[in-house]
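Enquirer: Sharing a structure here in structure tokens format.
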Amino acid sequence: MLFQERYGKGEPNDEMIDAIRADMPAGIETILAVGGGTVIDIAKLMVFGGEFTVDEFYRGLVKAEKVRELVAVPTTCGTGSEMTNVAVTALLKQNTKKGLALDSMYPDRAVLIPELVSTLPYKFFATSSIDAMIHAVESYVSPKANCFTEMFSKHALEKILGGYRYMQKAGNEAWSDRAEDFLVGSNYAGIAFGNAGVGAVHALSYPLGGMYHIPHGESNMLMFSEVFRTYKAKQPEGKIELLEQMLGEILEVPAADALAELDALLNHVLHCGKLHEYGVKEEDLPVFAKSVIEGQQRLLNNNYTPLSYEDMMAIYRARF
Ligand SMILES: [Fe+2]
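Residue numbering for the sequence shown is 2 to 321, as defined by the working numbering.
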């Protein structure tokens, strides 16, 4: 048994994964990954044989062969990693986070156990479920969405937002009554974004995670409402109208109020400060925006509508 904590705290980085791969005993045929997105994403890189560093792998310098089976057992209700072919890691030399999508990284099986999720500390529940909610919304407006991914996005949102509305009445600490809904919702969202992708919210949030170690769900939440306000201002007609209609039905408000209502609901689940409260400096903002344009084209292709460097700067500034 290997414990990620022995190799470093927090979300994965390339050096941590290299060390874990080096310690893997010989003769392993099946990897059982029990944990959050970090553990499952690390395990996705352990299915490959051969000697290589994760940095080389993410730069596309090596082609590795899958030699082990992967069974994923999520213990958070966010990443949906058990259903996707994506592994995200910080790349220390490049000072950012990057996702790599390879069909050989799909887990062979996923096992959902609500009891594992229901004992999460509140903050882990909140950040992970917000991440899942954002997977559902970003994939819904992605140009790669289709009627199947939309179905999974919609059902994910019904489960997750239904749970949040229950918490509004019963109190935030009652979230675990709905642990199964949050776990299944995050799994549905994983299917949706595994096929249709996520976009600017994740792209803009990666430098915050890479440089300031803000947890993934929290950095996504910091970007979410502002990205969608910008989408709406730039391209008010189109898929975003269908999103507003769907959210309006789930939240029982008129479509025109749905995004604002969602913002209020999220703030009820988790309070996020401004970027400067996390230590971010104003001179970081152009560095972030440049690194998004240079390093996150895989995600930016999934945007509802294109965002320019100036748009990204305006989003970061609004949250600063
Ligand atoms: Fe995510």
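Idealized CB from N, CA, C, for every residue including glycine.
What you are looking at is a predicted structure, and each value in this text was computed from that prediction instead of being measured.
State the DSSP-derived secondary structure class of Ala73, mapped to helix, strand or coil.
Expert: strand
Enquirer: Could you tell me if the beta carbon of Thr80 falls within a distance shorter than 7 Å of some heavy atom in ligand 1?
Expert: yes
Enquirer: Alpha carbon to alpha carbon, what distance is there between Ile29 and Gly198?
Expert: 32 Å
Enquirer: Quick one: does the C-beta of Asp264 sit closer than 7 Å to a heavy atom of ligand 1?
Expert: No, since every heavy atom of ligand 1 falls outside the 7 Å radius drawn around the Cβ of Asp264.
Enquirer: Roughly how many angstroms lie between the CA atoms of Glu295 and Pro208, to the nearest whole one?
Expert: Distance between the alpha carbons of Glu295 and Pro208: 12 Å.
Enquirer: For Asn1, verify whether its CB is less than 7 Å away from any heavy atom of ligand 1.
Expert: Any answer about residue 1 is impossible in this case: the structure gives the chain only from 2 up to 321.
Enquirer: Where Val55 and Ser177 are concerned, what is the direct C-alpha to C-alpha distance, given to the nearest angstrom?
Expert: 36 Å
Enquirer: For a test of the three-state rule: what should DSSP assign to Lys275, helix, strand or coil?
Expert: coil
Enquirer: Does the segment 191-205 come close enough to the segment 131-143 that 3 or more CB-CB pairs lie under 8 Å?
Expert: The answer is yes - the segment 191-205 touches the segment 131-143, with three or more Cβ pairs under 8 Å.
Enquirer: Taking the alpha carbon of Ile316 as the point to measure from, which residue in Glu262, Glu250, Ser220 has its own alpha carbon closest?
Expert: Measuring from the Cα of Ile316, the nearest candidate turns out to be Ser220.
Enquirer: Compare the Cα-Cα distances from Arg179 to each of Ile135, Lys282, Leu117 and report the closest residue.
Expert: Leu117
Enquirer: Drop a sphere of 10 angstroms on the beta-carbon of His62, count the other beta-carbons inside from all chains shown, and report buried for 16 or more, exposed for fewer.
Expert: The amino acid occupying residue 62 in the given sequence is Leu; His does not appear at that position. Answer is exposed; the Cβ neighbour count stays below 16.
Enquirer: Nearest-angstrom Cα distance between Pro307 and Ala193?
Expert: Pro307 and Ala193: Cα-Cα distance of roughly 21 Å.
Enquirer: Once DSSP output is grouped into helix, strand and coil, what is the label at Asn221?
Expert: The answer is helix: DSSP assigns Asn221 an H, G or I state.
Enquirer: So for Val202, helix, strand or coil by DSSP?
Expert: helix
Enquirer: Consider the C-beta atom of His203 and the heavy atoms of ligand 1; say whether any pair is separated by less than 7 Å.
Expert: yes
Enquirer: By how many angstroms is the C-alpha of Ala171 removed from the C-alpha of Tyr59?
Expert: 45 Å
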